[in-house]
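Engineer:
Protein chains in written order, with my numbering: chain A, 281 to 506; chain B, -13 to 258.
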């Protein structure tokens, strides 16, 4: 089996598993509840929704920059005991600028948010959000692995897939639970860099912070947990 | 106000201030193609070269190439060259970028712009990656171009056939043949500039002989200078004493310095 095909399958597999993971959990719990309603006590049934990971997203993101587009939009899911883990999916739009066409990106992002500090009744502060995201750019000129016309190992990177790491913070405003459909709105800022910039920086000290680091900003609309 | 409120206020102001002051650090996409700063460099510098050296008998040019990701080394070359007084202009033999990233083109351009000499750059195979070809065209210009310094015509060509899938003519014989007939009264010797030499895996070797044969129809084809191989080479590829020189990559801190006189030339491999 061809190596590029294996790499492609791993990537697509990871994307699918990432997405299906959440829904899979939800489906299992939902089915479980339907099939054996008598075996679950009332108390247990009440507890179930809290442990459940849902297909319905926990939040929606709208982001500016971050190497995934001028604007990127998409849903995300929270999980873990303190909901400290987040998986986001984003579709980004890159205007054509000086090139002949606009670009579309797809991104899968994993975030770890260890602390959620309430500030008074209304405000919320997350001093650290960190993680990584894999983004792909649609379009033929962005190949996943070098086309077969090239000698072996001619180009050893992929213009299509970028691995980014980031570090950021967020501040939030809680809504009145009686009056709003949403739990809170959060504003976040992340400092990020990608594999190719990091390699360029490590192997040549010429590059400055502003060259290889980028800032991205986003708004996160958190839905009410049911 | 409690400590948490203070920290919260600091955080929100930090986010807002960085948002307002972040224009330099906004990365929309690594291949966004948002070109800030100078464009069309080759055509502007060609005008400078043709004007400044029109009546010069002896032309001396430095040839550098393959500076992808060797930013420090390229910057040191610029300082070194600027300290000399005997160079007329500089030619870059391609591969300014490693990944074809928009920022790579701009970082390299910004270093080269510090040269006190006019310079031109041909396109290398790495400069084609993703949408790099488009960025090269905007920042530097056409892939095939020529200029005349003194009585010597420099024919600069894209020879990276492998990058284009053989779907466009590389090398472009219609360009080469047109150059042969253009401005014939202004030149009587010829130098060829390209990234990948004939016999390279990038070159369309099916036409290597015809390529050389066509260039030999130019008045007094002196020699060719190439990049790509990352080491110095001096090769009489076609066995007729027309030498194809290959310049080391800039990471080796070496460049070729050519001195061209009427009907003759000499060169030096300079380490800095």
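For every residue, glycine included, the Cβ atom is placed at its ideal position computed from N, Cα and C.
Output needed for residue 417 of chain A: all residues of its chain with C-beta closer than 7 angstroms, excluding positions within five of it in sequence on either side, in chain order.
Structural biologist: 383, 385, 440
Engineer: Under 8 angstroms between C-beta atoms, does residue 437 of chain A make it to chain B?
Structural biologist: yes
Engineer: Please specify which runs of the beta strand (DSSP E), each continuous and at least 3 residues long, are wholly inside the stretch 33 to 89 of chain B, giving them in chain order.
Structural biologist: 45 to 50, 75 to 78
Engineer: Is there a C-beta anywhere in chain B that falls below 8 angstroms from the one on residue 356 of chain A?
Structural biologist: no
Engineer: Please list, in chain order, the chain A residues whose beta carbon lies closer than 8 angstroms to that of residue 193 of chain B.
Structural biologist: What residue 193 of chain B touches in chain A: nothing, since even the nearest Cβ is about 17 angstroms away.
Engineer: State buried or exposed for residue 458 of chain A, treating a residue as buried only when at least 16 other CB atoms are found within 10 Å of its CB.
Structural biologist: Exposed, because fewer than 16 other Cβ atoms sit within 10 Å of the Cβ of residue 458 of chain A.
Engineer: Can a CB atom of chain A be found closer than 8 angstroms to the CB of residue 219 of chain B?
Structural biologist: no
Engineer: Please say whether residue 1 of chain B and residue 449 of chain A have beta carbons closer to each other than 8 angstroms?
Structural biologist: yes
Engineer: Whole angstroms are fine: how far does the CA of residue 186 of chain B sit from the CA of residue 345 of chain A?
Structural biologist: 40 angstroms
Engineer: Let's see if you can read the secondary structure: which residues bound the beta strand (DSSP E) around residue 387 of chain A?
Structural biologist: 383 to 392
Engineer: Residue 485 of chain A touches chain B at which residues, Cβ-Cβ below 8 angstroms?
Structural biologist: 58
Engineer: When the cut-off is 8 angstroms and only beta carbons count, does residue 4 of chain B lie next to chain A?
Structural biologist: Residue 4 of chain B counts as touching chain A.
Engineer: Measuring alpha carbon to alpha carbon, tell me which of B:92, B:168, B:255 ends up nearest residue 22 of chain B.
Structural biologist: B:92
Engineer: One question on the structure: do residue 51 of chain B and residue 19 of chain B come within less than 8 angstroms of each other, judged by their Cβ atoms?
Structural biologist: No, the Cβ-Cβ distance between residue 51 of chain B and residue 19 of chain B is not below 8 angstroms.
Engineer: Going by Cα to Cα distance, which pick from A:453, A:475, A:481, A:446 is closest to residue 469 of chain A?
Structural biologist: A:446
Engineer: Any idea if residue 308 of chain A is buried or exposed, counting beta-carbon neighbours within 10 angstroms, 16 or more meaning buried?
Structural biologist: Here the model assigns residue 308 of chain A a pLDDT of 42, short of 50, so the residue's position is not dependable, and the following value carries that caveat. Residue 308 of chain A should be labelled exposed.
Engineer: I believe residue 366 of chain A touches residue 393 of chain A by the beta-carbon criterion, under 8 angstroms. Please report the beta-carbon distance rounded to the nearest angstrom.
Structural biologist: 7 angstroms
Engineer: Cα-Cα, which of B:-6, B:147, B:237, B:17 is closest to residue 85 of chain B?
Structural biologist: B:17
Engineer: Going along chain B, which residues have a C-beta under 8 angstroms from residue 449 of chain A?
Structural biologist: -3, 0, 1
Engineer: In angstroms with no decimal places, state the Cα-to-Cα distance between residue 238 of chain B and residue 223 of chain B.
Structural biologist: 24 angstroms
Engineer: Quick one: grab the DSSP three-state call for residue 446 of chain A.
Structural biologist: strand
Engineer: Tell me the DSSP bridge mates of residue 354 of chain A?
Structural biologist: A:341
Engineer: Compare the C-alpha of residue 83 of chain B against each of B:246, B:108, B:230 and name the closest.
Structural biologist: B:108
Engineer: If you follow the alpha helix (DSSP H) that residue 472 of chain A is in, where does it begin and where does it stop?
Structural biologist: First-last for residue 472 of chain A: 462 to 474, but that is the beta strand (DSSP E), not the alpha helix (DSSP H).
Engineer: Against residue 80 of chain B, what residues of chain A qualify as contacts under a CB-to-CB distance less than 9 angstroms, listed in chain order?
Structural biologist: Per Cβ cutoff of 9 angstroms: no residues; residue 80 of chain B is ~15 angstroms from chain A at best.
Engineer: Look up residue 101 of chain B in the DSSP assignment and say whether it is helix, strand or coil.
Structural biologist: coil
Engineer: Could you give the first and the last residue of the continuous alpha helix (DSSP H) run that contains residue 374 of chain A?
Structural biologist: Here residue 374 of chain A belongs to no alpha helix (DSSP H); instead the beta strand (DSSP E) covers 365 to 374.
Engineer: Looking only at its chain, what residues have a beta carbon closer than 8 angstroms to the beta carbon of residue 64 of chain B, apart from the 5 residues adjacent to it on each side?
Structural biologist: Taken in chain order, the residues that qualify are 97, 98, 100, 101.
Engineer: Determine the direct distance from the alpha carbon of residue 54 of chain B to that of residue 476 of chain A, and round the result to whole angstroms.
Structural biologist: 12 angstroms
Engineer: For my contact list, residue 45 of chain B and residue 246 of chain B are in at a C-beta cut-off of 8 angstroms; report their separation, rounded to the angstrom.
Structural biologist: 5 angstroms
Engineer: Over what stretch of residues does the alpha helix (DSSP H) that includes residue 411 of chain A continue unbroken?
Structural biologist: Premise fails: residue 411 of chain A lies in the beta strand (DSSP E), 403 to 417, not in any alpha helix (DSSP H).
Engineer: Give the secondary structure of residue 225 of chain B by DSSP, where H, G and I count as helix, E and B as strand, and everything else as coil.
Structural biologist: Secondary structure of residue 225 of chain B (DSSP, three-state): coil.
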